[in-house]
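Presented below is the structure to which this report refers.
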Ligand code: B12
Ligand SMILES: *[C@@H]1O[C@H](CO)[C@@H](O)[C@H](O)[C@H]1NC(C)=O
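Residue numbers (my numbering): 2 to 134.
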């Protein structure tokens, strides 16, 4: 390698961690009440590269006064989404906030982990679906 090429390679290596640390993954959060059939609410937020959904929801709550959520903590599975915008799941009427994901290519999936483990990918739609089990 020529000295200038060596220098730019070294510079790149130096800057790479910085660029990665700065990159935020954009995603949408859609709030759906399938029991009322009301119009879905769309929000946009972001999370650190490979950050967890809980982080994306927190960022959204901090930036948007029309979105709030609460969660409870399970000793084994971690955080469980309890309420969105004041509406809480309830075991007596068997309601809960289901987690669904529409990927950038349009595929729908139901994650097999909760908000503390799921790591949203770029341009995914996270659907919080109030429903019954
Ligand atoms: C029944 C059940 C549910 C019911 C619970 C209803 C109720 N109150 O009884 C409902 C349908 C609500 C449910 C929802 C979800 N569940 Co679930 N559920 C189960 C299941 C089949 C049995 C749990 C149980 O009754 N255990 C026996 C009792 C005595 O123990 P327990 O500790 O008190 O059980 C409680 C917890 O399991 C809790 N719970 C249930 N699911 C989840 C998920 C998370 C992330 C958390 C924190 C807690 C939690 O609810 C139970 C009752 O209070 C387990 C799998 C299994 N066979 O264990 C999956 C399981 C626990 N669920 C799982 C998942 C992923 C979910 C969802 C995230 C699915 C989704 N995409 O929406 C959602 C939670 C969304 C949210 N709001 O945060 C995963 C968790 C894995 C993980 N590491 O995160 C499991 C292990 C299944 C799997 N995919 O392998 N679930
Ligand atoms: C929400 O849940 C209902 C009931 O399980 C289901 O019919 C519906 O398809 C879900 N909503 C979305 C947006 O997938």
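Heads up, the beta-carbon is just placed ideally off N, CA and C, and yes, glycines get one too. This structure is a prediction, so every number in the text was calculated from the model and none was measured.
query, result
"Sub-8 Å separation of residue 116 and residue 76 beta-carbons", "no"
"Closest Cα partner of residue 99 within the set 89, 108, 105, 15", "89"
"From 42, 8, 124, 9, residue whose alpha carbon lies closest to that of residue 86", "42"
"Candidates 14, 54, 35, 38: closest to residue 118 by CA position", "54"
"Residue 121: CB within 7 Å of a non-hydrogen atom of ligand 1", "no"
"Residue 128 CB to nearest heavy atom of ligand 2 below 7 Å", "yes"
"Spatial neighbours of residue 123 in its chain, beta-carbon cut-off 6 Å, leaving aside the 5 residues before and after", "26"
"Proximity test, residue 32 beta-carbon vs ligand 2 heavy atom, cut-off 7 Å", "no"
"Buried versus exposed call for residue 121 [16 or more other C-beta atoms within 10 Å across all chains shown]", "buried"
"Cβ pair residue 82, residue 129 closer than 8 Å", "yes"
"Residue 132: CB within 7 Å of a non-hydrogen atom of ligand 2", "yes"
"Among 114, 125, 96, the one whose alpha carbon lies nearest that of residue 35", "96"
"Same chain only: Cβ atoms within 7 Å of residue 133, ignoring 5 sequence neighbours per side", "36, 95, 96"
"Close beta carbons around residue 101, own chain, < 6 Å, minus the five adjacent residues each side", "111, 128, 130"
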